[in-house]
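A.B. asks:
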Amino acid sequence: MGKFRRTHVLEPHDLCAGAHVSSAGALSHSPCFADLSNAIQAVLVNKITFRLTCLESPQDSAITRDINRTFPAHDYFKDTGGDGQDSLYKICKAYSVYDEEIGYCQGQSFLAAVLLLHMPEEQAFSVLVKIMFDYGLRELFKQNFEDLHCKFFQLERLMQEYIPDLYNHFLNISLEAHMYASQWFLTLFTAKFPLYMVFHIIDLLLCEGISVIFNVALALLKTSRDDLLQTDFEGALKFFRVPVPKRYRSEENAKKLMELACSMKISQKKLKKFEKEYHTMREQQAQQEAPIERYERENRRLQEANMRLEQENDDLAHELVSSKIALRKDLDNAEEKADALNKELLMTKQKLVESEDEKRRLEVESGQLKEMCRRELDKSESEIRKNGSIIGEYKQICSQLSERLEKQQTANRGELEKIRQKVEGCEKCSVLFNKEGRLKTVSVPKEGSEEDTDEEKEALKNQLREMELELAQTKLQLVEAECKIQDLEHHLGLALNEVQAAKKTWFNRTLTSIKTVTGAQGKETT
C-alpha cells in the first residue's frame, strides 16, 4: 500500500479552496489516503474477497441493468461489454457478495464508477468498502432507510436555520426532503452532476466525512433559492431533476457552488442535536400511533419512495436512450465523414500519382527543351558570329569604297581644276566660259580670214567635245560609285535584319522542333 502514500498531499483547506480532483490518479493525492492505507491494506490482503465475483449474487440482474445506465456518455463506460462496464460489474457484484446485509443498492454503481476512473479494480473496491463501512454510507440503507430519514430531518432543520423562507415555502407546497434529496445522500451526488464537481465532493467527503453532504445540499438549495420560491410542488420536483444539474455543467458555476459549500460551517454538535430531536420525535410518534397507523404511514412512505425511485429510474432510462440515440447519430456522422475522407484520400492519391507522372513527363520535356535550347543557342551564336564577320567585311568594303570614292572625287576635282586653269589660261577658251565653267555667248571680233576663224571654231568644238566627254565619263564613274555604295548599304541592311530576325525567331523554332520531336515520340509509342 506504499503507492497510496505521497510526499506531497493536499491539505483540507486546499480542497476547500478548489484544489479538487481533475485527472486520473489524482484522487490518491487526497490527505485521507494516509489514514485509509491501513484499512485498504487489510482488505487487499484478503484478495479472495474480490474473487467472490465468481459466486452468484441475488442482485445480479439489478446490477446488470444499472451498469448500462451508469455514465452512458462517458468513453470508458459507453461500450456494452467494454472494459469499463466489465470492471464496474465486477466491483458491484463483489460488494453485493461481500456485504450480505446490504448487498447491492441502486446508485452504488455511480460511486464505484467514479472510483474506477482513478484507480484499478482492486483498489476501487477497497475504497468503496471503506466509504460504505467506515464513513457510514451503508447505514443509510439499513433498517428501512431509518438513518437516511434522520439525514432528511437534519437537512430540513438546517434549512429552517439557514434558509427559513425556502423552508416555509416547501412546507406550504408539501415538499419533503426525501422527495428531492434521497439521491444526493445515497449516491453522494454522483448520479446527476458533472464529474469535475463530483470529484471535488468525493475528495471533501474522504477528508471531512459524510457531513460534507449537508454543506453541498445547503449550497445547492441556497443558490437555487430564488427559482424554487416561484415553483409549486410539481415544478419544484422537475426543477431538481433537470435545471439544477444542468446549471453546474459550467465549471465556473460548480466552482462557486463548492466555495459556498466550504464556507458554510456546520458543527457536528448541531447535527448530533438534530439527530436526538429526530429520535425523540420518532419515539413520540411510535407511542402515539397505533401499530396499524404506523404501518400504513410507513407503507405510504415506502410507496412514495418507490414511486420516486421509479420516476428516477424512468428518467435514467430516458437519459440512457437519449444518450444512445445521440451516440448512434454521432457514430453515423463519424462513419459518413470517414467514408468521405477515405474517398477524398483515394482521389488525392490518384491525383498524386497523376501529378508524379506529369512531373516525370515535364522533366523529360524540360531536359529535351534545355538540350534543344542549348543547340539552338550554339547555332544562333554561330550564325551571329558568321553574320558579324559578314557585317565586318561589308563595313570594310564600304570603307574601302568610300575611300576610293573620296579619292576619285578629289582626283576629279583636281582634274576639273586643271581644266579650268587651262581654260582660263587660254585666251580663246576663256572668252567661251564664265567663272562657273559654263559656256557664254560672246561676240568674236572679225579678224583675219574666215578660214582661220572656222578652224579655230572647229578646234574649240573638238576640244569642248573632249572636255564634255571626259566630264561625262567622270560623272559616270561617280554614279557607278554611288550605286555600289547604295548596293553595299542595302546588303548591310539585309544582313542586319537577318541577324535581328535570327535573334527573335530562334525560340519559336526551338519550340516547334520540340513539338515535332514530342509528336514523333508519341506516334512511335502508339
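Following UniProt numbering, the numbering of the sequence shown begins with 1 at its first residue and continues without gaps.
Just so it is clear, CB atoms sit at the ideal spot from N, CA and C, and this is done for glycine as well.
Being a predicted model, the structure only gives us computed values, none of them experimental.
(1) Round the Cβ separation of A177 and E156 to the nearest angstrom and send it over; I've been treating them as touching at under 8 Å.
(2) Check whether the Cβ atoms of A94 and F125 sit closer than 7 Å, and answer yes or no.
(3) Spatial neighbours of A326 within its chain, please: CB distance less than 8 Å, with the 5 preceding and 5 following residues excluded, ordered by chain position.
(4) Select from E406, E470, R385, K407 the residue whose C-alpha is nearest the C-alpha of L496.
(5) Less than 7 Å separating the beta-carbons of I213 and F239?
(6) Which stretch, first to last residue, makes up the alpha helix (DSSP H) that contains Y162?
(7) Pop quiz: L228 and L158 are said to be a contact at Cβ under 8 Å. What is the actual Cβ separation, rounded to whole angstroms?
(8) Just to check my reading of the structure: Q106 and D66 have Cβ atoms closer than 8 Å, yes? What is that Cβ distance to the nearest angstrom?
(9) Taking the straight line between their C-alpha atoms, what separation do you get for L220 and Y162?
(10) Can you find the residues in the same chain that come closer than 7 Å, C-beta to C-beta, to A113, ignoring five residues on each side of it along the sequence?
(11) What whole-angstrom Cβ distance do F233 and L175 have, given they're in contact under 8 Å?
(12) If contacts are defined as beta-carbon pairs under 8 Å, then P245 and K192 qualify, I think. What distance do you get, rounded to the angstrom?
(13) If you count every other CB in all the chains shown that lies within 10 Å of the CB of Y295, and 16 or more means buried, which is it?
(14) Return helix, strand or coil for C105, following the three-state DSSP convention.
(15) Taking the alpha carbon of S109 as the point to measure from, which residue in G81, Y180, Y135, L188 has its own alpha carbon closest?
(16) Are at least three pairs of beta-carbons, each pair with one atom in the stretch 404–412 and one in the stretch 473–492, less than 8 Å apart?
(17) Would you kindly check if the distance between the Cβ of A254 and the Cβ of M197 is under 7 Å?
(18) Reducing DSSP to helix, strand and coil, say where C426 ends up.
(19) Helix, strand or coil for I202 per DSSP?
(20) Need the endpoints of the alpha helix (DSSP H) that H279 sits in, please.
(21) Consult DSSP for E122 and reduce its assignment to one of helix, strand or coil.
(22) Check this for me: beta carbons of R138 and I91, under 7 Å apart or not?
(23) If you reduce the DSSP assignment to three classes, tell me which class V321 lands in.
(24) Whose CA, out of L476, C398, E344, lies closest to the CA of H490?
(25) Measure the Cβ-Cβ separation of L260 and Q154 and say whether it is below 7 Å.
(26) Measuring only between beta-carbons, confirm whether S389 sits less than 7 Å from chain C.
(27) Is D75 helix, strand or coil by DSSP?
(28) On the CB-based measure, 16 or more other CB atoms within 10 Å of its CB, does S250 come out buried or exposed?
(29) Apart from the five residues on each side of it in sequence, which residues of its chain come closer than 7 Å, Cβ to Cβ, to K379?
(30) Do G136 and the ligand NAD come close, with the Cβ less than 6 Å from some heavy atom?
(31) With N215 and C262 assumed to form a contact (beta carbons below 8 Å), what rounded beta-carbon distance in angstroms separates them?
(32) Check S224 in the structure and name its three-state DSSP category.
(33) So, under 8 Å CB-CB, M132 and D86 are touching, yes? Tell me the CB distance rounded to an integer number of Å.
(34) Can you grab the Cα-Cα spacing for the pair G84 / E319, in whole Å?
(35) Thinking C-alpha only, which one of A181, V423, S355, I202 is nearest L460?
C.D. replies: On the basis of the supplied data:
(1) 5 Å
(2) Yes.
(3) A73
(4) R385
(5) no
(6) 146–162
(7) Actually they do not touch by this definition, with Cβ atoms about 16 Å apart.
(8) 6 Å
(9) The alpha-carbon of L220 is positioned some 12 Å away from that of Y162.
(10) T70, F71, F77, L88
(11) 6 Å
(12) 4 Å
(13) exposed
(14) coil
(15) L188
(16) yes
(17) yes
(18) It is coil, neither helix nor strand.
(19) helix
(20) 268–288
(21) helix
(22) Annotated as distal: R138 and I91, with beta-carbon spacing of 7 Å or more.
(23) In the three-state DSSP reduction, V321 falls in the helix class (H, G or I).
(24) The shortest Cα separation from H490 among L476, C398, E344 belongs to C398.
(25) no
(26) No chain C appears in this structure, which consists of one protein chain only.
(27) coil
(28) exposed
(29) No residues qualify anywhere along the chain.
(30) In terms of ligand content, the structure shown is empty, and the ligand NAD therefore cannot be addressed.
(31) 7 Å
(32) In the three-state reduction of the DSSP assignment, S224 falls in the coil class, being assigned neither a helical nor a strand state.
(33) At roughly 22 Å, the Cβ-Cβ gap does not stay under 8 Å, so M132 and D86 are not in contact.
(34) 19 Å
(35) V423
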